[in-house]
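Below is one structure, written out as C-alpha cells, with a few remarks after it.
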Amino acid sequence: MTIVDIEVGLRDQRGALDLQDIVESAAVFLEGASAREIIRWAAATFGDRLCLTSSMSDALLIDLVSRVKPGVDVLFIDTGYHFAETIGTRDAVRQVYDVNVIDVKPSRTVAEQERDLGPRLFGRNPDLCCYLRKVEPLNRALEPYLAWISGIRRDEARTRAETRVVEWDAKRQMVKINPIASWTQDDVDNYMSDNGVLINPLHYDDYPSIGCAPCTRPVAEGEDPRSGRWVGMGKTECGIHL
Numbered sequence: 003m004t005i006v007d008i009e010v011g012l013r014d015q016r017g018a019l020d021l022q023d024i025v026e027s028a029a030v031f032l033e034g035a036s037a038r039e040i041i042r043w044a045a046a047t048f049g050d051r052l053c054l055t056s057s058m059s060d061a062l063l064i065d066l067v068s069r070v071k072p073g074v075d076v077l078f079i080d081t082g083y084h085f086a087e088t089i090g091t092r093d094a095v096r097q098v099y100d101v102n103v104i105d106v107k108p109s110r111t112v113a114e115q116e117r118d119l120g121p122r123l124f125g126r127n128p129d130l131c132c133y134l135r136k137v138e139p140l141n142r143a144l145e146p147y148l149a150w151i152s153g154i155r156r157d158e159a160r161t162r163a164e165t166r167v168v169e170w171d172a173k174r175q176m177v178k179i180n181p182i183a184s185w186t187q188d189d190v191d192n193y194m195s196d197n198g199v200l201i202n203p204l205h206y207d208d209y210p211s212i213g214c215a216p217c218t219r220p221v222a223e224g225e226d227p228r229s230g231r232w233v234g235m236g237k238t239e240c241g242i243h244l
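Here the sequence shown is numbered in our numbering, starting from 3 and rising by one per residue.
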C-alpha cells in the first residue's frame, strides 16, 4: 500500500471512520514519508478543515504547506508581548506567501490582564500567563478545524522526542500533524537556504528560539537552543504541545 492509497482510502471513508482510526493508520504508514507527502495527505484528507500554526520565528512550515495547499489558514497567536521583529515577520509573511494569516488574540488585553491579575504575571506565574495568552486562545481558534499542522521536531527538546508525524490531540479532540518531526537542524537550515525562506531577524541576534519578549533572552554559543526561554523559571514548554 502506498501513501496515495492511504490518502484516497481515508478520504473515501472519512464519514465512517473515527478520527482516531485515521491517526493510527496514518501514523504508521506516513512515518518515514517526506514532509511534502505528509502535508499532501493532510490536505487531501481534511480539506478546508485543516490549518497550521506559526509563531513567526520563521516561515519554513508556511513555505512547505503553502506549496501544497495555497491559501491555507495560518493561526498566529498575538499574545501582546511579542518582539517587534516577530510582528514584522508576520506582516512580511502576509505579503510574500499565498496564505491566510489569522491573528488569534487572548480574551484580555495585556492592560486588562494586569488590571485583573496584577502586573508581570509572566514573572510570577508563567504557566498561567502562557495559558491565558497562548493555550486558551489557540484552543478557541482551533474549534472550526478537524486537524492542525505544527512545526515541532523531535530534536528540539526531551519533551518532544517521541513526537509522531500524525498524532491524536486528546486535549482538543482533533488530529495533529507534525510533518517535520524527524528533521534535524541541518535539514531546517538547508531547506531555509535552498528556498529563501523568510526568517525572523532575531535569529541573527542569537535568539534560536523565539517566544514572548519578557520571557526570551539571547543564547550563548554552545547553549541549548531553547535555554533562552523562561530562564530560571523551571519551565520548558508554553503548554500548547503538552
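For each residue, glycine too, the CB sits at the ideal point set by N, CA and C. On a predicted model such as this, the values are computed, not experimentally measured, just so you know.
Segment limits, alpha helix (DSSP H) that includes residue i
i, result
"Leu32", "Leu21 to Leu32"
"Leu130", "Pro128 to Cys132"
"Val98", "Ala86 to Val98"
"Asp105", "Note, Asp105: premise wrong, no alpha helix (DSSP H); beta strand (DSSP E) at Val101 to Val106."
"Leu66", "Leu62 to Val70"
Cβ neighbour criterion (16 or more within 10 Å) applied to residue i
i, result
"Tyr206", "exposed"
"Gln175", "exposed"
"Gly230", "buried"
"Val25", "buried"
"Glu145", "exposed"
"Lys136", "buried"
"Ala37", "buried"
Option nearest residue i by Cα separation, candidates the options
i, options, result
"Ala94", "Thr81, Ala113, Ser109 and Asp65", "Asp65"
"Arg34", "Thr165, Ile79 and Arg51", "Reading the sequence as shown, one finds Gly at residue 34 and not Arg. Nearest of Thr165, Ile79 and Arg51 to Gly34, Cα basis: Thr165."
"Arg142", "Glu225, Lys107 and Asp189", "Lys107"
"Asp75", "Leu63, Asn102 and Ala86", "Asn102"
"Ala281", "Val67, His84 and Glu223", "Within the shown structure, residues of the chain are numbered from 3 to 244, placing residue 281 beyond reach of any answer."
"His84", "Gly224, Cys214 and Ser229", "Cys214"
"Leu52", "Lys178, Asn202, Met194 and Asp188", "Lys178"
"Asp188", "Ser152, Asp157 and Ser109", "Asp157"
"Ala61", "Phe78, Gly224, Cys131 and Asp50", "Phe78"
"Gln115", "Thr218, Met194 and Leu134", "Leu134"
"Gln22", "Arg69, Leu63 and Leu148", "Leu148"
"Ala163", "Met58, Arg69 and His243", "His243"
"Leu204", "Thr218, Ser195, Asn192 and Ile104", "Thr218"
Inter-residue CB distance, residue i and residue j (contact presumed, cutoff 8 Å)
i, j, result
"Ala183", "Ile154", "7 Å"
"Pro216", "Pro227", "Contact doesn't hold; Cβ gap of about 19 Å is too wide."
"Thr186", "Glu239", "The pair is not a contact, with the Cβ atoms about 20 Å apart (cut-off 8 Å)."
"Pro181", "Val199", "Pro181 to Val199, Cβ: 15 Å. No contact."
Span of the beta strand (DSSP E), counted from its first residue to its last, around residue i
i, result
"Ile151", "Ala149 to Ile151"
"Val76", "Val74 to Ile79"
Whole alpha helix (DSSP H) runs in the segment 160 to 212 with 4 or more residues, listed along the chain?
-> 187 to 197
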